[in-house]
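Residue numbers (the working numbering): 3 to 363.
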Amino acid sequence: MPQTVKGVIARSVGEPVELTDIVIPDPGPGEAVVAIQACGVCHTDLHYREGGINDEFPFLLGHEAAGVVESVGHGVTGVAVGDFVILNWRAVCGSCRSCLKGKPHLCFSTFNASQKMTLEDGTELSPALGIGAFAEKTLVHAGQCTKVDSSADPAAAGLLGCGVMAGIGAAMNTGNVTRGDSVAVFGCGGVGDAAIAGAHLAGASKIIAVDIDDTKLEWAKGFGATHTVNSSQVDAVEAIQELTDGNGVDVAIEAIGLPEVYKQAFEARDLAGTVVLVGVPNPTMSLELPFIEVFGRGGSLKSSWYGDCLPSRDFPMLIDLYKQGRLDLDAFVSERIGLGDVEDAFHKMERGEVLRSVVVL
Ligand SMILES: NC(=O)c1ccc[n+]([C@@H]2O[C@H](COP(=O)([O-])OP(=O)(O)OC[C@H]3O[C@@H](n4cnc5c(N)ncnc54)[C@H](O)[C@@H]3O)[C@@H](O)[C@H]2O)c1
Ligand SMILES: [Zn+2]
Ligand SMILES: [Zn+2]
3 MPQTVKGVIA RSVGEPVELT DIVIPDPGPG EAVVAIQACG VCHTDLHYRE GGINDEFPFL
63 LGHEAAGVVE SVGHGVTGVA VGDFVILNWR AVCGSCRSCL KGKPHLCFST FNASQKMTLE
123 DGTELSPALG IGAFAEKTLV HAGQCTKVDS SADPAAAGLL GCGVMAGIGA AMNTGNVTRG
183 DSVAVFGCGG VGDAAIAGAH LAGASKIIAV DIDDTKLEWA KGFGATHTVN SSQVDAVEAI
243 QELTDGNGVD VAIEAIGLPE VYKQAFEARD LAGTVVLVGV PNPTMSLELP FIEVFGRGGS
303 LKSSWYGDCL PSRDFPMLID LYKQGRLDLD AFVSERIGLG DVEDAFHKME RGEVLRSVVV
363 L
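What follows is the structure, given as structure tokens:
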């Protein structure tokens, strides 16, 4: 029997989000219904609401979530009813050309549920990143459920489902940060601070946090930043060069999605260094760089989809590090809110007051 539950939707560009009744079908073959326990508010949810991702309104927002599997459809063997899971938005297919080349983290054909969740009048919803977890329950592909240690706090664990994984992975997987490296992270929101935490875990010796907000810079120190630069007050590139004997950093991570900041990351990088773009640009943006510098500086310019993570490999491992006290996921949880508070949480995010507001159910 389809069930009606509460969920947070965005009906049109820029309109405040709305808590309303949504209809969840029973899981079909390969699908699972998950009872959501917690879901973080990510900047990408706001990008959806602003029409910055696509125009397939109405969206069912929310995608950084943990919960318990309530029911599974035919043929599901990877997870079972009662499992505590983190939802992922890149369930690898195992058979596309990237998976077959041994690069499943870049899978070109990731899975989502095939059935649609709807409004009560039958209008089909587009779940954010194929998840839609600002809701009491959601329908996903079973491959989007990654089982982890059930003693973890859902509010902290769920953050690995998007921003925190993207940031940690941008440093550890995409940027290949290793011990002794110098790293600069531009934008110290949830994603940027996670990149700082990832660089710290990987053994970077110098971690420079760059933001325009002093409070964010202060928080960044708690995740392992060794130096901070307020780029609204000083030239970020010069400041980073000064902190690195005039050379620039080995790895420069852009965690905002702005061409002018990407340019700073490009210029603040040492010869043969790596630039990682984990911030998401909007479709109207374009980037101009001196072409001779792209060649002359060598190294690599990389994008980081979801921190190049493999959920099945990385989520349980990072939850173990969290349980051992080596990764402070709790520090990303700025506040716990209800389903009705998402619009407020967007404004707090815009005002820079939080790293993550987390809806708990
Ligand atoms: N690649 C991925 O898979 C992935 C996953 C999740 C989120 N994201 C993206 O990562 C980005 C960051 O997300 P978030 O949730 O951390 O956002 P956020 O809004 O919490 O953080 C952004 C930070 O950037 C700072 N900032 C803004 N303009 C700046 C500037 N000109 N110079 C320096 N700092 C500036 C802000 O003060 C803030 O601290 C977003 O674009 C989001 O969509 C990407
Ligand atoms: Zn694939
Ligand atoms: Zn996200």
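All residues carry an ideal CB built from backbone N, CA and C; glycine is no exception.
{"Item": "Beta-carbon of alanine 93 versus every beta-carbon of chain D: anything under 8 Å?", "Value": "Here chain D cannot be found, since the structure has a single protein chain."}
{"Item": "Can you give the Cα-Cα distance for glycine 104 and valine 278, rounded to whole angstroms?", "Value": "22 Å"}
{"Item": "CA-CA distance, methionine 287 and leucine 260?", "Value": "8 Å"}
{"Item": "Between Glu355, Ile198, Gly342, which lies nearest to lysine 8 when the distance is taken from Cα to Cα?", "Value": "Gly342"}
{"Item": "Helix, strand or coil: how does DSSP classify asparagine 232 here?", "Value": "strand"}
{"Item": "What ranges does the alpha helix (DSSP H) occupy inside the stretch 223-278, keeping only unbroken runs of at least 4 residues that lie completely in it?", "Value": "238-245, 261-269"}
{"Item": "Enumerate, from N- to C-terminal direction, the unbroken beta strand (DSSP E) stretches of 3 or more residues contained entirely within the stretch 147-192.", "Value": "147-149, 184-188"}
{"Item": "Is tyrosine 308 near ligand 1 - that is, is its Cβ less than 7 Å away from at least one heavy atom of it?", "Value": "yes"}
{"Item": "Given this structure, state the Cα-to-Cα distance separating aspartate 272 from alanine 254, to the nearest angstrom.", "Value": "9 Å"}
{"Item": "Keeping to the same chain, check which residues put their C-beta closer than 6 Å to that of serine 128; ignore five residues upstream and five downstream.", "Value": "Glu58, Phe61"}
{"Item": "Please work out which residues of its chain come closer than 8 Å, Cβ to Cβ, to valine 70, disregarding the five sequence neighbours upstream and downstream, and give them in chain order.", "Value": "Val36, Ala37, Gln39, Gly84, Asp85, Phe86, Val87"}
{"Item": "With respect to the alpha helix (DSSP H) encompassing alanine 347, which residues constitute its N-terminal and C-terminal limits?", "Value": "344-352"}
{"Item": "Is it the case that the CB of proline 106 approaches a heavy atom of ligand 2 more closely than 7 Å?", "Value": "yes"}
{"Item": "Going by DSSP, name the residue or residues bridged to arginine 338.", "Value": "Val360"}
{"Item": "Measure from the alpha carbon of isoleucine 55 to the alpha carbon of each residue in Gly77, Ala67, Thr79, Ser14, then state which is nearest.", "Value": "Ser14"}
{"Item": "Are lysine 139 and glutamine 5 close, meaning C-beta to C-beta below 8 Å?", "Value": "yes"}
{"Item": "Using only alpha-carbon positions, find the residue among Val193, Thr120, Gly169, Phe113 that is nearest to cysteine 23.", "Value": "As written in the sequence, residue 23 is aspartate, which differs from the cysteine given in the question. Residue Thr120 is the option with its Cα nearest to aspartate 23."}
{"Item": "Could you tell me whether the stretch 238-248 touches the stretch 204-221, using the rule of 3 or more Cβ pairs below 8 Å?", "Value": "yes"}
{"Item": "Pull up the CB-CB distance for phenylalanine 113 and histidine 143, whole angstroms please, since I reckon it's below 8 Å.", "Value": "4 Å"}
{"Item": "Please classify histidine 45 as buried or exposed, where buried requires at least 16 neighbouring CB atoms within 10 angstroms.", "Value": "buried"}
{"Item": "Compare the C-alpha of glycine 226 against each of Ala197, Val236, Asn249, Leu21 and name the closest.", "Value": "Ala197"}
{"Item": "Excluding the 5 residues flanking lysine 304 on each side, which residues of the same chain have their C-beta closer than 6 Å to its C-beta?", "Value": "Thr176, Val278"}
{"Item": "Run the Cβ filter for me: residues under 6 Å from any heavy atom of ligand 5, listed in the order they occur in the chain.", "Value": "Among the ligands modelled here, namely ligand 1, ligand 2 and ligand 3, ligand 5 does not occur."}
{"Item": "On the CB-based measure, 16 or more other CB atoms within 10 Å of its CB, does methionine 3 come out buried or exposed?", "Value": "exposed"}
{"Item": "Closest by CA to aspartate 123, which one among Ile258, Val25, Phe348?", "Value": "Val25"}
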